[in-house]
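In my numbering, the protein residues as written are 1 to 712.
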């Protein structure tokens, strides 16, 4: 059985799925299929695996490829050194982890000059071998034979010291010895954090970690990342190690054979090896292992939050007046068409220092009436609550909804190349207001234009592995975009780029084609787009929608490869395709088993029937308005014990941040989320969820607000 066969079996067992599912998913991925496409349109091949399981297989497969590449590199390196024995090759080929591979390679890894290599150059390796045998016949007079003025060995003591250096390196490179230390780290490693002298005041935000220690395996990810950040910024010194004496005793049991004179030298070599080589090496290893675990947890938190934010309910295609509030610089107002086009912009100054309230109210009333505005979007940053209160005072002729919109990242968008390309003739304040309005209309379509790391729903996102974070967030955005579906004739280049099989280059080609040739009238017309070949069409077509298309199936999630099945259903029911679509009564008459073939199974048939009942449905929930307490506008209005309306803006491993309408989010610590033990805040709240909270503590100087959801 080769490594690939072993891999598929191991992954199947690890994920609790069948071997054929792993094998088929890998084949599809290698053939260029995306995760959304595989999950939606290849259910028969994968046994109906969801995106999560397919993503897990992809991740494990990438780790396997990394392992195999490293294995081949190591084999080649040792072979070139002429040191690859049959037994060593067998060990390398059977190694199942990168750690095992690196341990086997350690004695053969090209290295800089070490104390051991210097001792070997002085001809002391034979003496090291004699001592390491630990025979009772050995005495230190043997070392006198290795005195050599030319090789700078001036005494027996120097010879013995050099021999111990060599033995120390042997112990460090011995896999069983390294595993002994690893096992001790696994069970008993402590993380120590200390303040860097002279940085007490400058690093005050890390004062909790000035004298801190706890078991490494009990350290939560957010605390570990906080300590690492403090170290990177130069305020903390972090160390990770178990009890030194215990480590030495365990190594002695493994290496020392007796109480001979030679054995005493071996004991000294063990202590030196552990302090100088083994402990620093394994500490680095465990720093990386636990950093990687902390990264994974933080990335998962960020990914979960991002998914919830992107899948926030859209207001839909409405005429929107959007306001980017401000005091001194005024409030920038824009009017957006139902399609998100900028129709008008200007600035009002209702707040201090100008206080031009009357003119501002009249201007807003005029704009609302002139453009038949359906909704008002207000950024939740500086002057947000004051602007909301102003809007609430206005009596409009028709019912107008006013909504506070989270503007995190809007400034990033405003200054981006994307915004400049879209609005070359407008400054960043106009672009920011446009972004706020569009977020209300369709959060997903607007937020894809911003680097996900800038949206403000993460936990230590700048401290984790940036490549892994970017991969995870891109996967989330792709999943959300393809889950919702994209209107081909109105989607931005940025939104199209996340569609399965498209990417940046093809997205640009699609937009250029649309501008040059007008709206797409069918999915098949996509094939006329430069460089959009059959493979890209296969991957993308099912996720692209065309409103009022020639073929009504082009507005649905039914893939073109399955159109013939839908037509067969219509024929069997003696109706045309238009009568079949969006008509549940007719759909109920379909027997799925009548349409199963050798290549099309029940899962696909069921999906087609479901889609025909509600073509192009939006999986996002209906839009809800969240209202804050009208008499609470700033942190100065807060009092301990009052109960407020709030909305969850960010979720971390240690709790949830809640916007209560005072310009500063409060924290509901995990211990204050429910009248029971809470394992994860995600079990209690979701992003953008409306909640009731009680103010527990206010720290105005630090701008901290502690909240509770208990007994509410």
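Glycine is no exception: its CB is placed at the ideal position from the N, C-alpha and C atoms. As the structure is a prediction and not an experimental result, all values here were calculated from the model.
Would the C-beta of residue i count as close to the ligand HEM, meaning under 6 Å from any of its heavy atoms?
i	result
residue 445	The ligand HEM is absent from the structure shown, which contains no ligands of any kind.
Let me know the secondary structure DSSP gives residue i once reduced to three states.
i	result
residue 1	Confidence is the limiting factor: at residue 1 the pLDDT is only 47, short of 50, which leaves the residue's position unreliable, though a coordinate-based value still follows. Residue 1 falls in the coil class under three-state DSSP.
residue 24	helix
residue 655	strand
residue 105	helix
residue 457	coil
residue 311	coil
residue 328	coil
residue 693	strand
residue 470	helix
residue 36	helix
residue 14	helix
residue 506	helix
residue 431	helix
residue 196	coil
residue 227	helix
residue 243	coil
residue 237	strand
residue 214	strand
For residue i, tell me which candidate among the options has the shortest Cα-Cα distance.
i	options	result
residue 664	262, 508, 711 and 382	382
residue 223	233, 209 and 235	209
residue 675	696, 277 and 711	711
residue 449	20, 139 and 409	409
residue 547	654, 356 and 521	521
residue 320	37, 160 and 368	368
residue 257	349, 379 and 132	132
residue 47	678, 185 and 604	604
residue 231	245, 205 and 277	205
residue 307	475, 518 and 536	475
residue 622	314, 577 and 669	314
residue 670	662, 681, 112 and 502	681
residue 84	109, 99, 96 and 380	109
residue 608	580, 414, 632 and 359	580
residue 199	236, 636 and 184	236
residue 634	626, 564, 535 and 380	380
residue 585	563, 614, 81 and 249	614
residue 553	62, 526, 612 and 529	612
residue 444	316, 679 and 153	316
residue 185	196, 158 and 244	244
residue 780	340, 578, 657 and 573	Because the chain here runs from 1 to 712, residue 780 falls outside it and cannot be looked at.
residue 261	503, 421, 137 and 181	137
residue 196	207, 15 and 188	207
residue 276	173, 361 and 344	173
Among the residues of its own chain, which have a CB less than 6 Å from the CB of residue i, if the five just before and after it don't count?
i	result
residue 511	493
residue 294	221, 224 and 225
residue 402	376 and 391
residue 116	165, 166 and 169
residue 212	193
residue 45	24
residue 233	none
CB-CB under 7 Å to residue i, same chain, minus the five flanking residues each way: which ones, in chain order?
i	result
residue 51	35, 36, 39 and 479
residue 7	64
residue 559	41, 541 and 542
residue 70	98 and 101
Looking only at its chain, what residues have a beta carbon closer than 8 Å to the beta carbon of residue i, apart from the 5 residues adjacent to it on each side?
i	result
residue 155	147
Cβ contact check for the region 176–192 and the region 149–158: 3 or more pairs under 8 Å: no
Sequence ranges, alpha helix (DSSP H) only - wholly within the region 131–191, length at least 4: 156–173 and 175–188
The region 676–685 in contact with the region 608–618 per 3-pair CB rule at 8 Å: no
Stretch-stretch touch, CB-based, cutoff 8 Å, three pairs: the region 417–435 with the region 270–277: no
Touch test, the region 463–482 against the region 298–311, Cβ-Cβ under 8 Å, three pairs minimum: yes
Segment contact flag, the region 540–558 with the region 475–491, C-beta cutoff 8 Å, min 3 pairs: yes
Three or more C-beta pairs below 8 Å linking the region 323–337 and the region 427–446: yes
Contact between the region 101–108 and the region 69–89 (3+ Cβ pairs under 8 Å): yes
Ranges of the alpha helix (DSSP H) found wholly within the region 337–383, counting only runs of at least 4: 357–370
Secondary structure, beta strand (DSSP E): runs of 3+ residues fully inside the region 600–686: 643–652, 655–659 and 666–669
Touching by the beta-carbon criterion (3+ pairs, under 8 Å), the region 276–291 and the region 231–247: yes
Contact the region 16–27 vs the region 46–66: 3+ CB pairs below 8 Å: yes
Continuous alpha helix (DSSP H) assignments of at least 4 residues falling wholly in the region 75–106: 86–94 and 98–105
The region 452–463 in contact with the region 646–665 per 3-pair CB rule at 8 Å: yes
Contact the region 136–146 vs the region 94–101: 3+ CB pairs below 8 Å: no
Alpha helix (DSSP H) segments (min. 4 residues) lying fully within the region 513–586: 534–540, 563–572 and 577–580
Inter-stretch contact (C-beta, 8 Å, three-pair minimum) for the region 336–356 and the region 411–420: no
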